[in-house]
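**Student:**
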Amino acid sequence: MGETNQTRLVISIQSQVVHGHVGNSAAVFPMQAEGLAVAAVPTTLLSNHPHYPTTRGRVLEPQLVNDLLLGVEERGLVEKASILLTGYLGSVANAEVVAAFVARARKSNPSLLYVCDPVVGDDDVGIFVADGLLEAFRDTLVPMASAITPNQFELELLSGLAARSAPDLRVAAAALADGSRRSVIATGCTLEDTPVGKVETILCEPHGLSRTATDRLPIRPCGTGDLFTALFVAGLAKGLPAAEACRRATVQVFRILERTKDGEEMQLTPWPWA
Numbered sequence: 000m001g002e003t004n005q006t007r008l009v010i011s012i013q014s015q016v017v018h019g020h021v022g023n024s025a026a027v028f029p030m031q032a033e034g035l036a037v038a039a040v041p042t043t044l045l046s047n048h049p050h051y052p053t054t055r056g057r058v059l060e061p062q063l064v065n066d067l068l069l070g071v072e073e074r075g076l077v078e079k080a081s082i083l084l085t086g087y088l089g090s091v092a093n094a095e096v097v098a099a100f101v102a103r104a105r106k107s108n109p110s111l112l113y114v115c116d117p118v119v120g121d122d123d124v125g126i127f128v129a130d131g132l133l134e135a136f137r138d139t140l141v142p143m144a145s146a147i148t149p150n151q152f153e154l155e156l157l158s159g160l161a162a163r164s165a166p167d168l169r170v171a172a173a174a175l176a177d178g179s180r181r182s183v184i185a186t187g188c189t190l191e192d193t194p195v196g197k198v199e200t201i202l203c204e205p206h207g208l209s210r211t212a213t214d215r216l217p218i219r220p221c222g223t224g225d226l227f228t229a230l231f232v233a234g235l236a237k238g239l240p241a242a243e244a245c246r247r248a249t250v251q252v253f254r255i256l257e258r259t260k261d262g263e264e265m266q267l268t269p270w271p272w273a
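For the sequence shown, the residue numbers in numbering that gives the first Met the number 0 are 0 to 273.
1) Select from Ala172, Ser24 and Arg247 the residue whose C-alpha is nearest the C-alpha of Gly207.
2) By Cβ distance below 6 Å, which residues in the same chain neighbour Leu8 in space, the five residues on each side in sequence not counted?
3) Is Ala92 near Pro142, with beta carbons less than 8 Å apart?
4) Tyr113 and Ala135: beta carbons closer than 8 Å?
5) Where does Thr54 fall in DSSP's three states?
6) Could you check which residue in Cys188, Ile147 and Thr148 has the C-alpha nearest to that of Asp167?
7) What does DSSP give as the partner residue(s) for Asn108 in the beta ladder?
8) What's the gap between the Cα of Val71 and the Cα of Ala94?
9) Between the alpha carbons of Ala241 and Val96, how many angstroms are there, rounded?
10) Sort Leu230, Asn65, Asp214 and Phe152 by Cα distance to Met30 and report the nearest one.
11) Determine the burial state of Ala102: buried for a count of at least 16 other Cβ atoms within 10 Å of its Cβ, exposed for fewer.
12) With Thr42 as the anchor, note down where its alpha helix (DSSP H) starts and where it stops.
13) Could you tell me the boundaries of the alpha helix (DSSP H) in which Gly86 lies?
14) The beta strand (DSSP E) that contains Gly187, what's its start and end?
15) Taking the beta strand (DSSP E) that Arg210 falls in, what are its first and last residues?
16) Verify the contact flag: Ile147, CB atom, against every heavy atom of the ligand HEM, threshold strictly below 7 Å.
17) Could you spell out the range, first to last residue, of the beta strand (DSSP E) harbouring Thr200?
18) Could you have a look at Ser158 and say whether DSSP puts it in helix, strand or coil?
19) I think Ala26 touches Leu235, with their Cβ atoms under 8 Å apart; what is that distance to the nearest whole Å?
Laid out in structure tokens, this is it:
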């Protein structure tokens, strides 16, 4: 990809919070700091992520999300964008609205890459989204995507297959690729041969796996997957090959986590991180 304004615009559709760093509140600033223009569309407006004792706000109504996306189209942003990113959607109705938008966007701009972060859960808390969203990702949004960035737990849920060894992970990723050129990047992986004390990000490609390991730190703040996907998208928008964009994003996330002392919220500033 080139370096024009047109190829450096990202449309990012995911949650937004007042306090903390998840969804667009984790993704927008890093992408902007990496030199991208970002059109951020919220699917929720919350005071904070739900891991706190209280959460205010709500999942946005599908009519509002649809109206915002129509505004994106009316401003010609679809034609200007190079990448469309989706994350936490909040409801099945919002997933249906977003899927319709993705279809229209890909028709208007056939060169548009669609990166889908299928946010449905994690191994420490299980599934944390509304009933039906797993199926919406699996049956509708993932098949539309150019690349998907599930964590290991989500990869297993979406594929219906275990992914705890390198061969098994390749089979699970191939099931989601479904014979297409779709890239599958599994985050937060611990496989049978992962070194003790390490965690891996693994890009699954037809010719093999590209694995990047970092130390497993004694903290687990929310939003690391949202941050990784944003930085991966930034690398793609700059023209990096998927393997290099994946490696670079993994290292950047690790450096942010290294300076996140209390483990409650990621420390995104000051920038740069690398």
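Even glycine gets a Cβ: it sits at the ideal position worked out from N, Cα and C.
**Tutor:** Looking at the atomic coordinates:
1) Ala172
2) Ala36, Lys79 and Ala80
3) no
4) no
5) coil
6) Cys188
7) Note: Asn108 sits in no beta bridge, so no partner.
8) 17 Å
9) In this structure, the CA atom of Ala241 is about 28 Å from the CA atom of Val96.
10) Leu230
11) exposed
12) Taken as a continuous stretch (DSSP letters only), Thr42 belongs to no alpha helix (DSSP H), being part of the beta strand (DSSP E) at Ala36 to Leu45.
13) Run containing Gly86: none; DSSP gives neither H nor E here.
14) Ser182 to Cys188
15) Gly207 to Asp214
16) Judged by which ligands are present, the structure shown has none, so any question about the ligand HEM falls away.
17) Lys197 to Glu204
18) helix
19) Going by Cβ atoms, the distance from Ala26 to Leu235 rounds to 14 Å, so no, they are not a contact pair.
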